[in-house]
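Written out below as structure tokens is the structure these notes cover.
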């Protein structure tokens, strides 16, 4: 608070105390996941010799890259005050379509899943924005629809399409540049673009305005409907692209993937400090949220005696803790 | 206006920049506007006034493209326009500042000013530096010092309102519509707002100004349009109108009219005991109430009168603990009630029948019985188990006593008439056996028959020894129903009238502030209250 401030609300002492508490809340909001992430990293690197090995870290990064794609789209959706439950299924559908498409050429392996997933996103977006239906229900329908379509295409999941051995499509996720795998590079690139779009374009400004106060955004003449439609399309496209990456990485269209992945994406976004009510958050925070979840998985896998199911228990507990803290702190801020 | 007329042509005489012709708008069969004609000239500040439900907000929303009129048309610069949304209206140059700040609290000040029109750099990306620079310049022009990169939500309401004003200025509008912009402002901010408004006017911008603070109208505005019950009533130069004329045409009362006795169902004055049931002293709510004192004795009905925005509802809400108070004390039967707690107020014996029964009281899908029983559930249950028999008996008693017309106690409240819904709510509060009953517009929106029933019920309750505070916009109801009337003005008690020898027109005069002997709140508007032409002269 600067001395030149004329705003009387911040000059008397109880409000000043509230302001400092609000600043602390904002700090936890923005950097809480990062602090836990660093803590887990430090503890893990002392506990396990192999944790900081190049192979292990690269593994974590590649494993995290698929979820990261979903989380990026989810960040925008949540910032508008919405939710996208369909991304896990759309991701799996994208993978199967990419694997099938790769048998007809690399171009098809990209175009087909992006086309179908984009269409699913478009329909969801239109129904949500134009029809005014709750995103929760609409994308729940999308989840069932995409999963059903996938099962239809694969004889109820029995049929796994393979990417042909010599296909250049495999290179997408299996090559690296100067030792950095392509999926990791793509995530960095996409997140950089995402941050630019959010903070430096009018679309991004609309996203934040809609999530912050939809009525106000409407009254200010912002393109509310168009922004929402675009956001759901982008989310579905990113999920589809994640599917393309996993198809290339595994050289096949694995049908059982992506179940519950939408919830992990939501968890990562919320851990990263994006308000579930919309209007505020950072792109980088979501990336850290994704990495945090992945590192926890990795650590639990390294503890030989622990069942891998502990992953979910630990992730869930951390999520609950962070969200409770956020809520508790922001309540002071917003009264 | 005589001696202060300047050589420039009278304001408001140019071709209208924005007008409505015969605009009608209905919501679910209710007429919000009926054939309203309104003209805004360039270079004038045009006051738009009317009581609750007069149609001001609806008219503003039609002008700004939020609503499309059902009939009639909106013309901008002489051309008929069909705005499909607020952005259409903004694109042609109509800006609006709303009563509640309609900005995004989580975004920065600069972001809010330029949202949707951000300056771009050569890559087509938002140029944050130049955006902040331009925002700073705008704020400097408004003589407001604040950090434009700060989140809007961290500013006080007044500062937020100034940001909204900066946003309106930045679009270079030809029309600026201000819907109660001053209701959350400090005196200094009001002065700044007025300075900016006058500057815009001198540049040829047409401004529409809505405010419930009457003093402000004469200080700032050139012409006035009065709406009542969705209809156009009057348009003319403000300087030619007295406060009393303005208020009486707002309320639809002839100044000379003297109310005939017996227009309501209230009986004669009530028996009073000398020991007060409730004493309220020095209630302060920032920007709303300024040291309200009120005493009610058992068996007495005290009326609270005042124009919209004078603080009537706020007063009872503050007493009830539903509005945060900054100072003041409430005692019931000699015992102090802890402030800012509805629970404490309830257990001390204060009940509030709120103005908006749909939003704050009735639960439409529950039965009559369940709606009545809600208030007593905590008391009538033992270890969480409710005694059904006791509730049935209680509900039956009240249905009979209040003559609630329902097919059975099981009928859903939504199926009842407005008057019977109101009685259900009154019954609910009576179940709590209150000492003091605060009634906020108990007869609004209910039909004539039910109205007189509610009125005689209030009478009866007072005769049984209940202390009643009655808020009403209907003067007959106050004059005949209340024993004393406290007149509120801009959040403070202006005068107290004995209703025994009071006529409606005297009350009207008190409402308009003509009889005020106290000075208005120091410097709140900075304008004189009695001599409109003076401030007009300064403004020119």
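Protein chains in written order, with my numbering: chain A, 1 to 335; chain B, 336 to 875.
Ideal placement from N, C-alpha and C gives every residue a C-beta, glycine not left out.
All values reported here derive from a predicted model rather than from experimental measurement.
According to the neighbour-count rule (16 or more other Cβ atoms, all chains shown, within 10 Å of its Cβ), is residue i buried or exposed?
i, result
"residue 798 of chain B", "exposed"
"residue 743 of chain B", "exposed"
"residue 328 of chain A", "exposed"
"residue 354 of chain B", "buried"
"residue 215 of chain A", "exposed"
"residue 228 of chain A", "buried"
"residue 557 of chain B", "buried"
"residue 119 of chain A", "exposed"
"residue 132 of chain A", "exposed"
"residue 698 of chain B", "exposed"
Please report how far the alpha carbon of residue i lies from the alpha carbon of residue j, in whole angstroms.
i, j, result
"residue 630 of chain B", "residue 565 of chain B", "37 Å"
"residue 850 of chain B", "residue 663 of chain B", "Confidence in residue 850 of chain B is poor, its pLDDT being 43 and thus under 50, which makes the residue's placement unreliable; the coordinate value appears in the next sentence. Roughly 27 Å between the two C-alpha positions."
"residue 185 of chain A", "residue 177 of chain A", "8 Å"
"residue 468 of chain B", "residue 41 of chain A", "41 Å"
"residue 520 of chain B", "residue 541 of chain B", "22 Å"
"residue 399 of chain B", "residue 489 of chain B", "28 Å"
"residue 182 of chain A", "residue 169 of chain A", "12 Å"
"residue 107 of chain A", "residue 493 of chain B", "58 Å"
"residue 772 of chain B", "residue 321 of chain A", "45 Å"
"residue 122 of chain A", "residue 57 of chain A", "36 Å"
"residue 778 of chain B", "residue 67 of chain A", "60 Å"
"residue 527 of chain B", "residue 502 of chain B", "15 Å"
"residue 166 of chain A", "residue 251 of chain A", "11 Å"
"residue 806 of chain B", "residue 723 of chain B", "35 Å"
"residue 756 of chain B", "residue 646 of chain B", "26 Å"
"residue 352 of chain B", "residue 464 of chain B", "35 Å"
"residue 480 of chain B", "residue 569 of chain B", "40 Å"
"residue 54 of chain A", "residue 244 of chain A", "25 Å"
"residue 89 of chain A", "residue 136 of chain A", "15 Å"
Taking Cβ positions, are residue i and residue j nearer each other than 7 Å?
i, j, result
"residue 235 of chain A", "residue 77 of chain A", "yes"
"residue 411 of chain B", "residue 397 of chain B", "no"
"residue 706 of chain B", "residue 677 of chain B", "no"
"residue 194 of chain A", "residue 60 of chain A", "no"
"residue 619 of chain B", "residue 648 of chain B", "no"
"residue 555 of chain B", "residue 380 of chain B", "yes"
"residue 296 of chain A", "residue 314 of chain A", "yes"
"residue 211 of chain A", "residue 324 of chain A", "no"
"residue 448 of chain B", "residue 505 of chain B", "yes"
"residue 139 of chain A", "residue 85 of chain A", "yes"
"residue 95 of chain A", "residue 247 of chain A", "yes"
"residue 221 of chain A", "residue 434 of chain B", "no"
"residue 544 of chain B", "residue 382 of chain B", "yes"
"residue 272 of chain A", "residue 288 of chain A", "yes"
"residue 516 of chain B", "residue 495 of chain B", "no"
Is residue i close to chain B? Criterion is C-beta to C-beta, closer than 7 Å.
i, result
"residue 32 of chain A", "no"
"residue 220 of chain A", "yes"
"residue 200 of chain A", "yes"
"residue 59 of chain A", "no"
"residue 208 of chain A", "yes"
Compare the C-alpha of residue i against each of the options and name the closest.
i, options, result
"residue 71 of chain A", "A:270, A:319 and A:320", "A:270"
"residue 484 of chain B", "B:786, B:470, B:545 and B:528", "B:470"
"residue 254 of chain A", "A:122, A:46 and A:159", "A:159"
"residue 391 of chain B", "B:729, B:352, B:358 and B:774", "B:358"
"residue 818 of chain B", "B:835, B:549 and B:812", "B:835"
"residue 319 of chain A", "A:298, A:286, A:268 and A:241", "A:268"
"residue 612 of chain B", "B:421, B:813, B:769 and B:366", "B:769"
"residue 511 of chain B", "B:753, B:761 and B:395", "B:395"
"residue 654 of chain B", "B:632, B:615, B:668 and B:375", "B:615"
"residue 533 of chain B", "B:624, B:636 and B:377", "B:377"
"residue 349 of chain B", "B:384, B:539 and B:751", "B:539"
Can you find a C-beta in chain A that's less than 7 Å from the C-beta of residue i?
i, result
"residue 422 of chain B", "yes"
"residue 836 of chain B", "no"
"residue 765 of chain B", "no"
"residue 438 of chain B", "yes"
"residue 520 of chain B", "no"
"residue 461 of chain B", "yes"
Name the chain C residues whose beta carbon is nearer than 8 Å to that of residue i?
i, result
"residue 425 of chain B", "The chain inventory of the structure shown lacks chain C, comprising the protein chains A and B."
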